[in-house]
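Asker:
There are 6 protein chains.
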Amino acid sequence: MISLESMRTVMTKMISEFEELDHIVGQFLVGNLSKGANASGSPYFNVELRDASGSISAKKWDIRPNDENIFTIGNVVLIEGEVIKYKDSLQMKITSAEPVPLEELDVAKFIKAPPIPKEELIKRFNAHVESIKNEDCRKILDYLIKRLSPRLFDYPAAVSVHHEYGSGLLMHTVSMADHAVYFANYYKDIDLDILLTGVLLHDMGKCIEFEGPVVYKYSLEGKLLGHITIMTSEIRRAAEGLKITSEVPILLEHMVLAHHGYQEFGSPVLPQTKEALLLSLIDNLDSKIVIASKALEGVNPGEFSQKIFPLDNRMLYKPKE
Amino acid sequence: MISLESMRTVMTKMISEFEELDHIVGQFLVGNLSKGANASGSPYFNVELRDASGSISAKKWDIRPNDENIFTIGNVVLIEGEVIKYKDSLQMKITSAEPVPLEELDVAKFIKAPPIPKEELIKRFNAHVESIKNEDCRKILDYLIKRLSPRLFDYPAAVSVHHEYGSGLLMHTVSMADHAVYFANYYKDIDLDILLTGVLLHDMGKCIEFEGPVVYKYSLEGKLLGHITIMTSEIRRAAEGLKITSEVPILLEHMVLAHHGYQEFGSPVLPQTKEALLLSLIDNLDSKIVIASKALEGVNPGEFSQKIFPLDNRMLYKPKE
Amino acid sequence: MISLESMRTVMTKMISEFEELDHIVGQFLVGNLSKGANASGSPYFNVELRDASGSISAKKWDIRPNDENIFTIGNVVLIEGEVIKYKDSLQMKITSAEPVPLEELDVAKFIKAPPIPKEELIKRFNAHVESIKNEDCRKILDYLIKRLSPRLFDYPAAVSVHHEYGSGLLMHTVSMADHAVYFANYYKDIDLDILLTGVLLHDMGKCIEFEGPVVYKYSLEGKLLGHITIMTSEIRRAAEGLKITSEVPILLEHMVLAHHGYQEFGSPVLPQTKEALLLSLIDNLDSKIVIASKALEGVNPGEFSQKIFPLDNRMLYKPKE
Amino acid sequence: MISLESMRTVMTKMISEFEELDHIVGQFLVGNLSKGANASGSPYFNVELRDASGSISAKKWDIRPNDENIFTIGNVVLIEGEVIKYKDSLQMKITSAEPVPLEELDVAKFIKAPPIPKEELIKRFNAHVESIKNEDCRKILDYLIKRLSPRLFDYPAAVSVHHEYGSGLLMHTVSMADHAVYFANYYKDIDLDILLTGVLLHDMGKCIEFEGPVVYKYSLEGKLLGHITIMTSEIRRAAEGLKITSEVPILLEHMVLAHHGYQEFGSPVLPQTKEALLLSLIDNLDSKIVIASKALEGVNPGEFSQKIFPLDNRMLYKPKE
Amino acid sequence: MISLESMRTVMTKMISEFEELDHIVGQFLVGNLSKGANASGSPYFNVELRDASGSISAKKWDIRPNDENIFTIGNVVLIEGEVIKYKDSLQMKITSAEPVPLEELDVAKFIKAPPIPKEELIKRFNAHVESIKNEDCRKILDYLIKRLSPRLFDYPAAVSVHHEYGSGLLMHTVSMADHAVYFANYYKDIDLDILLTGVLLHDMGKCIEFEGPVVYKYSLEGKLLGHITIMTSEIRRAAEGLKITSEVPILLEHMVLAHHGYQEFGSPVLPQTKEALLLSLIDNLDSKIVIASKALEGVNPGEFSQKIFPLDNRMLYKPKE
Amino acid sequence: MISLESMRTVMTKMISEFEELDHIVGQFLVGNLSKGANASGSPYFNVELRDASGSISAKKWDIRPNDENIFTIGNVVLIEGEVIKYKDSLQMKITSAEPVPLEELDVAKFIKAPPIPKEELIKRFNAHVESIKNEDCRKILDYLIKRLSPRLFDYPAAVSVHHEYGSGLLMHTVSMADHAVYFANYYKDIDLDILLTGVLLHDMGKCIEFEGPVVYKYSLEGKLLGHITIMTSEIRRAAEGLKITSEVPILLEHMVLAHHGYQEFGSPVLPQTKEALLLSLIDNLDSKIVIASKALEGVNPGEFSQKIFPLDNRMLYKPKE
């Protein structure tokens, strides 16, 4: 048990603000865990603790019976400890740890804010929705937004706490919608209502594919079906429930189904309408540019990034200024 | 117009029974069409006529204004003509031709009977359905069988009039169900109810993927979505309508989604349960053996078949007896 | 020889304006050629004649000794003939034909005008050039534009008279430059000067890769080196001649070298800067959308296009209105 | 030397029966080995000891000059030691170790029994052999069974002590033979004698491809030729020796050669007879189902297995009950 | 029947020597065949006739009952006819044709001579054999040369009458043996005896893979097993018959088995000895250079060859002189 | 600081000559580095030290503030230490270390001598140059040799200190030139001047692709452009500067561009002249044989090498003697 007394004198800083000799109490995510043995053979834990501001290496030297359960990767733990310096880096010496019940979880502490405030993104998302005049598109869209809110506005764009911020799904969707408007204006013969509805729906299946309040993991449906199939089914079901008889639901299902562009990337059919083709190209473009930008954050001019897994493991060069 | 008088004296044989000098009137399918010009430059049609018994080469020498519409590949045409011999083969000289309205179409004349009578297949299909004890499986299955009957019992297994017989889908499904029972008895730890339901459902989406009374073609949904996605969506919708909350619908959707085994064959996810894996293996086995058997029909012992497209274009050898 | 007399009474229409019984004299491109033999065994030519407005099937019944040389695919021929109707289509009966010397070639008759007038495109191209402030970029760009004008403004985007219009290269380059400006404004940390210079240069090597006044063919350099390598070398040479010592030429060479995105598409290196990555994505997007638009021209709503070779042979669907 | 005295008081349990404080003497297989250094810099061995019942982590703290040779991965070692508890797991502290001469090796201790007793499997194997009426098949089969017994009945199905049991090759062969009988009855026009002979022979080359009494390794022939080529050659040689002039040996060689189905899986030719095709499909089916069953052993309902290498690294889900 | 009288006055020239108005009688190979119908609807044959000197287009206007059997592709036919000129090319008008019994076949007329006389090649082949000192190599080699002579010295290098000459297999083998000697002298640590024996044996299986006196076709063994597997088996059988117990036969079998270099080219194992690696590299080099030389025969300087199928369909450029 | 006194008594041996208890001072390359912590938690370095004669494991127990910078992989460090024995191996205990300024670097100590002396290789290289009679070839070659000397004669063949010796690029080039002469003599119709010039130029771009006096690394140009593109550009530039107007520069550029043979190996075009094809085949052959020879160095007869990465990770077998 963490004593009430100690709670009064300790600090509750974010990891990025830690300084040597700080006495800290707070909720932290177990990002990584390995076990070691000290010179006398007693076991200890090397733990990576994380919050939205960063991560720190920590040691739990004295292992208690329940610690194995508490220190599970992905768990949030209430930790008390001291910040020390080791080999020029800060490290935390954990003095006590206890589980955090779901209802006491301080979710906001673990989710990085998106580059644009969530409220602003929601406003832009809604403006795109409002711009759609095709009635069948609007009915399906309104129904599914209602069904999948508020997850739709909170979820990250991918399953990974690393580099990912909250509302990443929303951010990606709004960017793609902006690009859709740009290209529909630029090229002739694009049906913007269909394209925009497809864009707004295309990744919504991730609200069912992922689960978890802090560390997102694939749900069973996510693993066995995938967000593409889940969302395609949802549109079909919505259209039948809304008694829509036009071609619109098939076009929307097709856009969602084909948006990864190729079978080897998880789309069982290739894009076969101009709108589906454009959607998959915009998705590819926005995803890759965002990945590249993240990978180049913090890289010095004149140097290369780390290997970037989703970009075929290539390294990117940041030119000299 | 074909005169009533001539109708009285002509024959209505199947193509395989034609003899030289027969005078024929009957419905025939336009299997292929090319245009030629005779020595004086006048155009004529080379037509391949088909019924379930075979095909014959025919000529329409005198082209009338509407003939271009009547002789469309895939159309069924009411034809009057004479059987002649040309270079040792029978050929038909078409004297008149007129379109057949859909309601007068003699479908039975164009569909080869399956090797096992349709009624017998339906009986075996139903026996498999009856054997399933899992209530969620039965509810979904009963609902979807009702929804997709009677197409389910009539459709061929693939879009092609060549080599395909009616009820081919049913024949393939019943064979796979028999194999499912065999393997579930052989190996331990197979959930036969789940496997069998998956088998009975797995190709039902073809009832929506294909369309047409005689020559089956891909429907718009078939092209833009494919039978795998269509059926996965149908199960999801059925399960929600039937208020099923167990894991069963996800397992069934997964089996249908994964049954082609690999992404490059159209399944966006790989089989991830033992039942899904076994289903895809049985499907692969039955399909390939049936294709091989068809390809070897009529090949002489000691000779090779034609190249078989769905078997990587290989030729199969029929051993000497 | 085509008699002067006949010249006075004949018409010089574009193919799309031909009507039955027209008597035509004019330059036409031999798009395709096959040989036949008439009933008496005498040879004749089936010729496809083309101009920028379309194509027509033609017959040359009476073959003269030199006709084999005159009717070579890709040649422009001065033809006199009559327009007749055959099987509901117009056809031309060629009465005489003679070669067209290069200096009398009416190039404008064979090159479709781009959707936007060439002068307008040049103006927009130049405006993009003017917007670049980086001096090294400007020096290299100015040098190479001068070196490759005016081909740069006239060439089609690809080697094919079919569907291709004049200034296609310019049209594609200006569209990509517009997109570059849009995306550089949208995303942070893009060096627009570098990106824009790369876009303006990326396909200029086609001015050396292709050759020919009407029907563009690959030059020897085009076949043995390809436009990507040609242009990369040109930038290197320019930079050395201009005594530029900054990193800029390497970044530009890299963008050109990597713009096909993958080795199997002809880029020996993958894009390794954000600007190179974005350039390859914009190129891919613009190319595919333009191909899709062309393929859907003339397709009826509710129907599919022909198979589109550069889009993996898929057919595109034009939705109902 | 392990003292005789200590031998009297110690136990010779299987690893799965070990309890804390047991004093053990017995033969164990060195499954894995790594070297460490204690706090004072002295080296020690971390050893994984195995028998057919399982494995245990062990330490050899005091390294003797010959220990490096004795503790070689794959060796069987006579070990004396004590079972202690460390971090909630049992561990063995090795007090002495000496090599086991080949002739004293207690093979039975290291080979897991197959799910069906070996004698029963041999009986079923022989029944399949007896069922074959084709004389050429029988002659070749009898000759090769005699040549490769008794390895044929003892060998595992794959080179790996992990998860593999003795007679695995026999078990797999008998299962496939059972399936061959089932399918030959189900489909028409299968030559069961040819198919069954192919099945019984198809993997016999593994008796030459692998070697070793406990831990099977690839022999030189196994590495340079592979079991498919080895067995194909053996059939050819047998047929020549037995003066068989029918087509039968070629059909059998072909079935063995083609049984992996594709070139990338090691078959230089594709199956080109119906029997060869069916054999490869049955082999694929039985192998994958057995692998899946092993991977799901011990997985809790509602959870996923580890990644399964021979199933494309996928994880399998065990449904809730 | 061809009249004796006409035989006296006709010529028996090779095709390359034909002149207009020649009256020819002689054996010719039917290289290609298509059927046409003349203006009055009567059928006729377009035949390509070949001998070792070239090919000529021919017509058989008047079809007799047995002509269909006589004019089979690959047959050699005794033909009488007249050489006429049609569209600037020579053509033969066939007046009579009859089958040639196997024993009267003038094989030498259809097989192009190799660039180096066969006797010279045999001498060089034997010199390479004589140079081998390793006794096991010599025993196996002598045995197999005896078994496969004289086919070994007559066969072409590939199944195709086009571009292929007699003794092509021998020519390719001798070239590779020369290269083997060169490289074994150049690099250290090559076992020339092993390498040379492997080279001399590597393609001998083609003597069993192909069959036919003039037009070589794949035999049943060729199709179901392939020359690589056939020869590997032959070495194994030879070694056992010769009671060789050294490693030599395994090394030789391995070299033959691996000589196509990769699984997708038909070698089930990769080269795993230096000699096997070098053999596969020499084979690849000699094959490609010979194919390139043939493809460039007759191409004018400054022009490209036809597409070359075995070189990935590329065209080769012949530089200007 | 290393004391002058200690310098007097210590030895400056190469690593392969180290003996127990030697006291060493000398320059060593940091080949590898990992950090550990001793029993009391203090950090230490595990360093792999290398020179041209071999490598040794070393410990730096007492870490000074600047040691992290000094012990960077790829750095050459002036080290003082003692050779001790640990677990039967020699190990160095580092007592002091300091950086080596570039101008004091003893390059010769780190570069293995090539198997043939550099002077001898240069002589043979020059003889090949002298043999070329084509003036355009000579002009380009002379210009580029001058431009890239002396790196051309010093550089290794690949970026890796492991197994690589100095002048490796030269050694590989001379071997290929020898092979070029051999094959041009053997086959007809090879233009030896063109082939030889291509061989001598083909890898010269590595002089710009790599950089560094001891450990070669990819330069920025190496990474963004690659040696193939760099050299192709250099030839183009040279030809323009030398005012060469023949086809020769295009043929040379093509040979360099195509020498990796396939797009997936970095050549954007396939070899399209016989000389380019032969060059790529010789390059492939020499590279693979040299890699195989290195991999088999030190392997005992009857055993396999390690996995060889550039040979598809296969292991090679060294036959028994």
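Residue numbers (this note's numbering), protein chains in the order written: chain A, 1 to 321; chain B, 322 to 642; chain C, 643 to 963; chain D, 964 to 1284; chain E, 1285 to 1605; chain F, 1606 to 1926. All C-beta atoms, glycine included, are put in the ideal place defined by N, C-alpha and C.
1. List the residues of chain I whose Cβ lies closer than 8 Å to the Cβ of Ile1894/F, in chain order.
2. Please tell me whether Glu1618/F and Asp1627/F are closer than 8 Å, where the distance is taken between their beta carbons.
3. Just the chain F side, please: which residues come within less than 7 Å of Leu996/D by C-beta, in chain order?
4. Under the rule that 16 or more other beta-carbon atoms within 10 Å means buried, what is Thr232/A, buried or exposed?
5. Name the chain D residues whose beta carbon is nearer than 8 Å to that of Leu224/A?
6. How many Å lie between Leu941/D and Leu1068/D at the Cα?
7. What residues in the segment 719-751 of chain C have a beta carbon less than 7 Å from any beta carbon of chain B?
8. If contacts are defined as beta-carbon pairs under 8 Å, then Leu1882/F and Pro1873/F qualify, I think. What distance do you get, rounded to the angstrom?
9. At which residue ranges does the segment 1515-1581 of chain E contain complete beta strand (DSSP E) runs of 3 or more residues, listed in the order of the chain?
10. Taking 8 Å as the CB-CB cut-off, is Asn284/A touching chain C?
11. Spell out whether any CB of chain D is found under 8 Å from the CB atom of Gly1550/E.
12. Just to confirm, is the Cβ distance from Leu884/C to His901/C under 8 Å?
13. Just to confirm, are Leu1857/F and Leu1806/F a CB contact at a threshold of 8 Å?
14. Taking only beta-carbon atoms, is Asp1917/F less than 8 Å away from chain E?
15. Against chain D, does Leu1504/E count as a neighbour if the rule is that its beta carbon must be under 8 Å from one of theirs?
16. Return the CA-CA distance between Ser496/B and Phe504/B, expressed in angstroms with no decimal places.
17. For Val1124/D, does the three-state DSSP call read helix, strand or coil?
18. Is Gly1510/E near Glu1495/E, with beta carbons less than 8 Å apart?
19. Quick one, which of Arg1114/D, Tyr1007/D, Ile1019/D has its alpha-carbon nearest Ile987/D's?
20. The alpha helix (DSSP H) that contains Gly1827/F, what's its start and end?
21. Just the Cα atoms here: how many angstroms apart are Leu645/B and Leu296/A?
22. State the DSSP-derived secondary structure class of Thr1677/F, mapped to helix, strand or coil.
23. Consult DSSP for Ile1299/E and reduce its assignment to one of helix, strand or coil.
24. Kindly give me the distance between the Cβ atoms of Ser809/C and Asp796/C, rounded to whole angstroms, as I take these residues to be in contact under 8 Å.
25. Alpha carbon to alpha carbon, what distance is there between Val398/B and Ile391/B?
26. Between the segment 1011-1025 of chain D and the segment 1077-1094 of chain D, do three or more beta carbon pairs fall short of 8 Å?
27. For Pro115/A, which option in Gly302/A, Asn66/A, Pro156/A, Asp88/A has the closest C-alpha, if you only look at C-alpha atoms?
28. Could you give the first and the last residue of the continuous alpha helix (DSSP H) run that contains Met1920/F?
29. Alpha carbon to alpha carbon, how far is Ile1896/F from Phe1272/D? Give it in angstroms, no decimals.
Answerer: On the basis of the supplied data:
1. As a matter of chain content, chain I is missing from the structure shown, whose protein chains are A, B, C, D, E and F.
2. Before going on, a small fix: residue 1618/F reads as Lys here, not Glu. Using a Cβ distance threshold of 8 Å, Lys1618/F and Asp1627/F count as a contacting pair.
3. The contacting residues do not exist; Leu996/D stays about 14 Å from chain F at best.
4. The C-beta of Thr232/A has 16 or more other C-beta atoms within 10 Å across all chains shown, which makes the residue buried.
5. Near Leu224/A (Cβ distances below 8 Å), the residues of chain D are Tyr1280.
6. Past the boundaries of the shown model lies residue 941/D; chain D is included only from 964 to 1284, so the question cannot be answered.
7. Within the segment 719-751 of chain C, the residues whose Cβ lies closer than 7 Å to some Cβ of chain B are Lys729, listed in chain order.
8. With 8 Å as the limit, Leu1882/F and Pro1873/F do not qualify as a contact, their Cβ atoms being about 16 Å apart.
9. The qualifying runs do not exist here; there are none.
10. Yes, its Cβ sits closer than 8 Å to a Cβ of chain C.
11. Gly1550/E belongs to the set of residues whose beta carbon lies under 8 Å from a beta carbon in chain D.
12. Taking 8 Å as the Cβ cut-off, Leu884/C and His901/C do not qualify as a contacting pair.
13. With contacts defined as CB atoms closer than 8 Å, Leu1857/F and Leu1806/F qualify as a contacting pair.
14. Using a CB distance cut-off of 8 Å, Asp1917/F counts as an interface residue toward chain E.
15. Nearest CB-CB separation between Leu1504/E and chain D: below the 8 Å threshold.
16. Answer to the nearest angstrom: the Cα atoms are 12 Å apart.
17. Residue confidence is low: Val1124/D scores 45 on pLDDT, short of 50, so the model does not pin down where it sits. No coordinate-derived value is stated.
18. Taking 8 Å as the Cβ cut-off, Gly1510/E and Glu1495/E do not qualify as a contacting pair.
19. Ile987/D has its Cα closest to that of Ile1019/D, out of Arg1114/D, Tyr1007/D, Ile1019/D.
20. For Gly1827/F, the uninterrupted alpha helix (DSSP H) segment begins and ends at 1825-1829.
21. The structure shown does not extend to residue 645/B, since chain B is modelled only from 322 to 642, so the question has no answer here.
22. Thr1677/F falls in the coil class under three-state DSSP.
23. The answer is helix: DSSP assigns Ile1299/E an H, G or I state.
24. Yes, Ser809/C and Asp796/C are in contact; Cβ-Cβ is about 6 Å, under 8 Å.
25. Each residue's Cα considered, the two are about 7 Å apart.
26. Using a Cβ-Cβ distance cut-off of 8 Å, the segment 1011-1025 of chain D and the segment 1077-1094 of chain D are not in contact, since fewer than three pairs of beta carbons, one from each stretch, lie closer than that value.
27. Distances from the CA of Pro115/A to each of Gly302/A, Asn66/A, Pro156/A, Asp88/A were compared; the closest alpha carbon is that of Pro156/A.
28. Run containing Met1920/F: none; DSSP gives neither H nor E here.
29. For Phe1272/D and Ile1896/F, the distance between alpha carbons rounds to 30 Å.
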